[in-house]
Amino acid sequence: MIRKIYKVICVIGCVAALSTFSSCKKLLEQTPKNSTYFDVYWKTAQDANNAIAGNYALLRNAMSNKYNRYYMYGDAVAKNYFTIQYGGDGIEGIQGGDFTFQYNLNSLANYTLYFKSVAMSNIILKNVSKMTDAQLKDADDPEQFRNKILGQAYFLRALSYFMMVRVWGDVPVVTEAYDDPINAPQLARSPKAEVMKLIEDDCHKAAPLLSWSYANVGDAKVTANRGSVYALLTHLYLWRATMLDVSTATPNMADVNSADTTINAIVAKGGYRLVDTANYKSIFVGRSSEGIFEINVSENTLEGSNSSIGMFFLNSSYINNGTNNPRMFVTPVYLRNHFQDSDTTDVRFKKNFALTTSERPMCIKYANVIYRNAGQQLDPYLSNNMVVFRLSDINLLKAEIALYKNNVSTAINIINDSRKRHNANPTMLANDLTKDEVMDEYIVERGRELYLEGHLFYDLLRTRKYGNVVDWLTDQRFQLEGFYFPVDPALFRQNPKLKQTTYWLGKV
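Mature numbering (1 follows the signal peptide of the UniProt record, and there is no 0) puts the sequence shown at residues -22 to -1, 1 to 486.
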């Protein structure tokens, strides 16, 4: 499998024809050059810029492929947040904990697209590190430019692996760009501890190479800076603190403390600001003041999507000639459990949902519809960035850290502050709640704040509160790590060293 991926990446010549993210060309629709382009590639700063743009494009493709798999893994499998109706492909099966439908095995259980992003990062790290100042003379500051490209490549490799380690646990670790992809080694799955260590190491390499600010406004939020790296580190540390060893619910306090340190740096140095609730919807259009890292899906650069997650919720009231029976809808029990009667003034309730009293409420969080044929209101695209990390997420994680440190009152204050900010008449937490009760309320608040942002299933696993929402995930299945996805059997034909995910042995 690894050999095949490297062959594909090398043959396309590092996606050399891709333009930078600040251009108006569609990054995912460029025609790549063939392998002979290597003879003249890696000669200028523009070559390096094109390559890193290709790296972002590959990661975006991995995240948005197959019903926006980023949200399928992070939200849909939790089931009781939203419902996927039958559509003939069986993807709705994941909501009952059955990941073995053929479509799901061949798509969601296949990690090839993430490894294409990893392979691209490896190619960039190998080649850009060798580029001389003379070759980078078209950059204003060759050393600073080289550092920025390398820092982004380390970040993108780390982010790709972070997404994979949460879905599959053990995955092959590849850090080398092979000159001879035909003879590249077949690799077995590495233990998740090694994968997490690679992510941590890559982040530590990336951080000093990147700055907190952006020299080019067109790069802001949709390319990595030091804040992006620290946000990834924060999530990594909290994931590793409780998910490296699922036999215990006691967190690793060294990782908890590391998460605390990175959050403090983000808040102190990142310059991020919470968006005023009057402009709440701007967060999900993209590039808001609280955005830390986002995947660009903007029609401003003709990179909107006509198949993003938001499209599957919207009816004809939001999309001209749209359906009156969207395939996905908000599960009514979610609204009942997260917004009590006194909480219906919550900005998140009012702005994120419609048809709230019906059997099929809509999520309108992503409803920035742009028609490419504006005159006839045809060819609709959503222009909503995929927000991966933002300040509100980071602020709430401080409550989780406080609970792990037994600072219950601090966690209560953080959660209450979040509710006050969004709600004219919020349901506040009492000061006499137990630690476990506050953790329950923390999960409710994360569910309000980060609905359909790719975090909620991981929150439930990390905090051991999956039983509050995910009825198919029993304690016994959790202990057997049955929350991980199987590996697509097709990959075994390409790599005999692979082993199936333990829980799924004999099941696929």
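All C-beta atoms, glycine included, are put in the ideal place defined by N, C-alpha and C.
How about residue 61 and residue 309: do their beta carbons lie closer than 8 Å? yes
With residue 306 as the anchor, note down where its beta strand (DSSP E) starts and where it stops. 306 to 308
What number of angstroms, rounded off, separates the C-alpha of residue 313 from the C-alpha of residue 73? 18 Å
Just list the residues that DSSP pairs residue 367 with in beta bridges. Bridge partners of residue 367: 271.
Span of the beta strand (DSSP E), counted from its first residue to its last, around residue 358: 356 to 360
Measuring straight from C-alpha to C-alpha, what distance separates residue 447 and residue 425? The straight-line gap from Cα to Cα measures roughly 10 Å.
Return the bridge partner residues of residue 149 from the DSSP annotation. 168
Whole-angstrom Cβ separation of residue 468 and residue 84, contact assumed at under 8 Å? Residue 468 to residue 84, Cβ: 7 Å. Contact.
Is the beta carbon of residue 215 closer than 8 Å to that of residue 180? Going by beta carbons, residue 180 and residue 215 fall outside the 8 Å limit.
Looking only at DSSP bridge pairs, what is residue 351 linked to? 356
Same chain, Cβ closer than 7 Å to residue 369, five either side skipped, listed in chain order: 250, 252, 268 and 270
For residue 135, which residues in the same chain have their Cβ closer than 6 Å to its Cβ, ignoring the five residues on either side in sequence? 96, 99 and 180
Just to confirm the assignment: which complete alpha helix (DSSP H) runs, minimum length 4, are found wholly within the stretch 13 to 86? If only complete runs of 4 or more residues are kept, the stretch 13 to 86 shows the alpha helix (DSSP H) at 23 to 52 and 80 to 84, in order along the chain.
Alpha carbon to alpha carbon, what distance is there between residue 347 and residue 297? 7 Å
According to DSSP, is residue 283 helix, strand or coil? strand
Integer Cβ distance of residue 186 from residue 168, believed to fall under 8 Å: Not quite, the Cβ-Cβ distance comes to about 26 Å (not below 8 Å), so this is no contact.
Write down every uninterrupted run of the alpha helix (DSSP H) in the stretch 310 to 347 whose length is 4 residues or greater and which is fully enclosed by it, in chain order. Runs found: 310 to 316 and 325 to 330.
By alpha-carbon positions, which one of 64, 42, 24 and 25 ends up nearest to residue 306? The shortest Cα separation from residue 306 among 64, 42, 24 and 25 belongs to 64.
Determine the direct distance from the alpha carbon of residue 18 to that of residue 113, and round the result to whole angstroms. Roughly 12 Å between the two C-alpha positions.
Report yes if the CB atom of residue 166 is closer than 8 Å to the CB atom of residue 222, and no otherwise. no
With a cut-off of 8 Å on the beta carbons, I'd call residue 173 and residue 208 a contact; round off their distance for me. Residue 173 to residue 208, Cβ: 20 Å. No contact.
Which of helix, strand or coil DSSP assigns to residue 211: helix
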